[in-house]
Structure formats: C-alpha cells, structure tokens
Amino acid sequence: MLSSMVTNTIYTSTKLFVKNYSKQFTTLVTILEPDLSNLTHEEKLTKEQYLKFGESTYVNNTRMTASVPVSLESLKTITAVSPFQFQKVEGDELKRSSYQSIANWLGAGAADLAKELAESGMEISAGNADLKRNDCLISEELAQMNQLKIGDSIQVAAIGSDQAEKQRLVIAGMYRSQKKTQSNGASELVKIQENDIFTNWETVYAIKTFDRFGYNNVAYELKNADDFDAFFKEIQAKGLPSKYQVITNETNLQMLLSPVNGLGTLAGTILLGLLLFGSFSLALFSIRAFKQKQTEICVMRNIGITQKQLINSRLIELVGVTMFSFSLAFLSAQWIVQPIADWQLKNQKLLMGNVDQLFSVMGNSKNEAIISIPMMINDNSLLMLIGIACLFLMTIISIEGYKIFKFEPIEFLLERNRSEQ
1 MLSSMVTNTI
11 YTSTKLFVKN
21 YSKQFTTLVT
31 ILEPDLSNLT
41 HEEKLTKEQY
51 LKFGESTYVN
61 NTRMTASVPV
71 SLESLKTITA
81 VSPFQFQKVE
91 GDELKRSSYQ
101 SIANWLGAGA
111 ADLAKELAES
121 GMEISAGNAD
131 LKRNDCLISE
141 ELAQMNQLKI
151 GDSIQVAAIG
161 SDQAEKQRLV
171 IAGMYRSQKK
181 TQSNGASELV
191 KIQENDIFTN
201 WETVYAIKTF
211 DRFGYNNVAY
221 ELKNADDFDA
231 FFKEIQAKGL
241 PSKYQVITNE
251 TNLQMLLSPV
261 NGLGTLAGTI
271 LLGLLLFGSF
281 SLALFSIRAF
291 KQKQTEICVM
301 RNIGITQKQL
311 INSRLIELVG
321 VTMFSFSLAF
331 LSAQWIVQPI
341 ADWQLKNQKL
351 LMGNVDQLFS
361 VMGNSKNEAI
371 ISIPMMINDN
381 SLLMLIGIAC
391 LFLMTIISIE
401 GYKIFKFEPI
411 EFLLERNRSE
421 Q
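Going left to right, the sequence shown walks through residues 1 to 421 as my numbering numbers them.
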C-alpha cells in the first residue's frame with residue numbers, strides 16, 4: 001500500500017506540474033527570414049508588415065530586433081576558448097584553440113532591448129535602454145579592453161558587401177553579465193555575446209546594406225499555445241511569403257520538462273507494475289489463507305452461521321485492516337514522498353543531460369529552472385488512492401467470498417479423512 005501511494009503521488013503530482021508549467025510558459029512564434037540575397041524586393045517583409053502581423057487577437061506582445069554582422073575595426077574584441085575543438089600540443093604544453101568572436105549590431109526598442117539583454121543573462125550597468133539616434137550600448141568587458149567610457153565614440157563597419165559601410169556610434173551605456181558562469185560551453189556562449197553592440201531601430205535601419213545583409217528577428221508572444229494554427233493562417237492571409245518559415249519554442253518547453261516527464265513515466269510504470277503484481281500476490285495470499293481457515297469455517301457452518309454472515313464478517317474485518325493500512329501509508333508517504341521525488345528528478349536530469357544549463361543561455365523570461373516538484377495529494381490523487389485500496393480489497397473479498405460460497409463442510413470432512421488414512 002505504501003509503495004502504491006508513493007508512486008501514485010509522484011505520478012499525479014508530475015502530471016499536474018507539467019500542466020500548470022505549460023500554462024505559464026510563454027509561447028513564442030518566430031518568423032525566420034530566408035537568404036535575403038535570393039529574394040526580390042517585393043518578397044521582403046518590412047518592419048510595418050511585421051507589426052501588422054502582431055495586430056492580432058491571438059498575440060499578447062510583439063518582440064522585434066534587427067541585426068547585422070559588423071567588424072569593430074581597430075577595437076580589441078573578446079575571444080573565447082572554443083568548446084568544439086580539441087586541445088593541441090605545442091612543445092611540452094597543452095594549449096586550447098580559440099576563435100575570434102563574431103560581433104553583431106542589434107537594433108531594438110527600449111523594452112525589447114531590455115528583454116534581449118535579460119534573456120541573454122545580461123543587465124545594464126550604466127546608462128539605460130532608451131537610446132537616441134547613433135547611441136549604443138557595449139559590454140563592460142569590451143570597454144575595459146579598449147579603455148572606453150561613456151561619451152566616447154567607436155567606429156563599426158557593416159560587413160557582407162565588397163565595400164564595408166562604416167558608421168560612428170557614441171557610447172551611451174554599458175551592460176554586463178548578471179552572474180559569473182562556470183568555464184563550460186554555456187559560459188563561452190555568454191562570453192561571445194559580450195561583443196555585441198546595441199542601438200535603437202532607426203540607427204540600424206539607416207544602414208544602406210541592411211536590406212541585403214541585415215536580419216529582422218521577430219517573435220510574437222501568443223496568449224494561448226493552442227492559438228498557433230489560427231495565428232499562422234491569419235499571418236498567411238495578411239501576406240506572409242511562402243519562403244519564410246514560422247517556428248515556435250515548443251521544443252524548448254519539451255526539453256525543459258523532459259526530466260519531469262521522465263519522472264512521471266517512471267512512476268506510472270512502477271505504479272502499473274505494483275497494481276498487477278499486488279493483485280496477483282493478494283489473490284495467491286487469499287487462496288492460501290482460505291485453506292488454512294477451512295477448519296474454522298467448517299466449525300462455524302456446523303453451529304449455524306450462514307455463508308452470508310461469514311462473508312459479511314470477513315468483509316468488515318478486511319475493511320478495518322484496509323483503513324488502518326491506508327491511514328498508516330498515508331501518514332508515512334507525507335514524510336518520504338518529497339525526498340524520493342527530488343532524488344529521482346535529480347537522476348532524470350543526470351540521465352538526460354544538464355537541461356538547466358542549456359536554458360541558462362536560451363531561457364524563457366517567465367520560467368525558471370525546475371529544481372523540485374511539489375508533491376501533493378489533490379482530489380484526483382486521493383480518488384486514485386481510494387480506488388487502489390478498493391481494488392486490493394475487492395480482490396481479496398471476491399476470492400474469499402467465492403471460496404466460502406462454494407465451501408461444503410461434508411466434502412471438506414471426507415477429504416480430510418481420506419488424507420489422514
């Protein structure tokens with residue numbers, strides 16, 4: 001009973017957690033631009049068209065950023081150790097290979113810029129996100145490497161064409177990483193982002209080569225995840241070209257919940273096994289127990305106790321035993337189910353890889369890493385527990401009731417006499 005109660009509580013709690021977590025998860029619909037160089041002017045979406053797509057009853061908010069690859073000219077850029085290359089030996093020393101970081105020039109409104117920084121694990125340390133024309137934000141580390149301060153100007157060059165288009169920007173603020181990250185693949189990704197330069201929309205759109213080499217990164221926050229199909233049909237009707245692809249972050253949600261779903265599947269499998277094995281074991285136990293009580297039943301039948309009275313007496317006894325076992329298991333489960341669930345969740349994370357580390361750099365602003373799943377016995381869980389107890393009770397009483405109904409004292413005495421001879 002205790003094992004069934006623990007596994008059932010874990011199973012129902014994980015299902016409830018997944019349901020509630022999915023409702024809180026912000027569903028983002030992203031439009032992916034194809035190779036702009038292969039599109040005609042009529043096929044390219046403008047900023048106004050993207051905003052028109054966001055004017056929908058299904059959309060809660062529109063997030064837009066524009067980006068273009070740039071060279072920082074004479075500035076020193078932040079390099080990172082490559083997590084994808086092997087170490088190499090030079091002389092007697094091991095040296096890890098490194099690569100030059102790619103710098104991106106990103107343009108966004110004040111609100112979207114703040115979200116972009118926050119979801120990249122960054123925060124504004126000086127200045128603010130409300131930038132004027134030709135103002136920019138750079139990272140503190142990049143500023144320290146080049147001895148730059150607020151008010152200084154830097155020159156960047158938009159790359160992609162044969163002749164780089166140069167632009168001078170004034171440093172109006174700085175950003176930094178919110179917390180120090182460990183030296184691993186995730187931290188290297190964060191470090192690469194500290195080369196990025198942020199400006200407002202007007203500044204990046206003023207680049208002449210933006211139509212050819214720049215990209216719009218547009219995401220729509222849906223009010224409900226189930227609205228995706230309807231929203232997709234709506235933006236198609238509003239003029240979304242067939243060459244543009246539309247994706248959601250549902251895969252991110254499934255990856256984040258994979259340890260929880262794994263725990264729920266494990267608990268459900270064990271619970272099913274316990275129900276089958278428990279019912280079979282109780283059936284064998286009932287048959288064996290009845291054989292041991294045949295003499296007692298024979299005596300009670302001979303003194304005038306009917307079959308119905310025997311069955312009712314046994315039913316009352318089993319109900320009392322079941323209620324006592326249920327209460328004891330219920331109290332014990334309250335103490336042990338949470339540590340067991342936390343331990344198994346940790347094992348699931350180790351089995352499936354460090355999902356939390358991945359979402360530290362690909363996070364969702366309204367969701368945090370899953371550290372523990374609250375174990376609770378709700379109405380559905382309690383009904384299942386009562387159902388399990390009733391199943392075990394009915395298994396025993398059905399077998400014993402059938403045996404009592406078929407029991408004949410005379411046949412039992414004759415068989416006993418034959419065995420004694």
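Idealized CB from N, CA, C, for every residue including glycine.
query                                                                                                                           : result
Boundaries of the alpha helix (DSSP H) in which residue 22 is found, first to last residue                                      : 2 to 24
Ordered list of alpha helix (DSSP H) runs contained in the stretch 124 to 175, each at least 4 residues                         : 140 to 145
Straight-line Cα distance separating residue 403 from residue 320                                                               : 21 Å
CA-to-CA distance, residue 194 to residue 139, given in whole angstroms                                                         : 5 Å
Residues bridged to residue 328 [DSSP beta-bridge criterion]                                                                    : Per DSSP, none; premise fails for residue 328.
Neighbourhood of residue 401 by C-beta distance below 6 Å, restricted to the same chain and skipping five residues each side    : 311
Whole-angstrom distance between residue 141 and residue 97, CA atom to CA atom                                                  : Annotation note: pLDDT 41 at residue 97 (below 50); position unreliable, no value reported.
Cβ-Cβ distance between residue 399 and residue 286 below 8 Å                                                                    : yes
Outcome for residue 184 when other beta-carbon atoms lying within 10 angstroms are tallied against a minimum of 16              : Confidence at residue 184 is low in this model, with a pLDDT of 43, below 50, so its placement is unreliable and the value that follows should be read with caution. Looking at its Cβ environment, which holds fewer than 16 other Cβ atoms inside 10 Å, residue 184 is exposed.
Enclosing alpha helix (DSSP H) for residue 252 [first to last residue]                                                          : 250 to 292
Three CB pairs or more closer than 8 Å across the stretch 163 to 173 and the stretch 225 to 242                                 : no
Simplified DSSP state of residue 61, which is helix, strand or coil                                                             : strand
Nearest residue (CA-CA) to residue 27, options 373, 208, 247, 314                                                               : 247
Separation of residue 377 from residue 112, as counted between CA atoms                                                         : 41 Å
Cut-off 7 Å between Cβ atoms - residues of its own chain near residue 283, not counting five sequence neighbours on either side : 395, 399
Assigned secondary structure, residue 221 (DSSP; H/G/I helix, E/B strand, else coil)                                            : strand
Under 8 Å between C-beta atoms of residue 221 and residue 61                                                                    : yes
Whole-number beta carbon distance between residue 127 and residue 137, since they are thought to touch under 8 Å                : 7 Å
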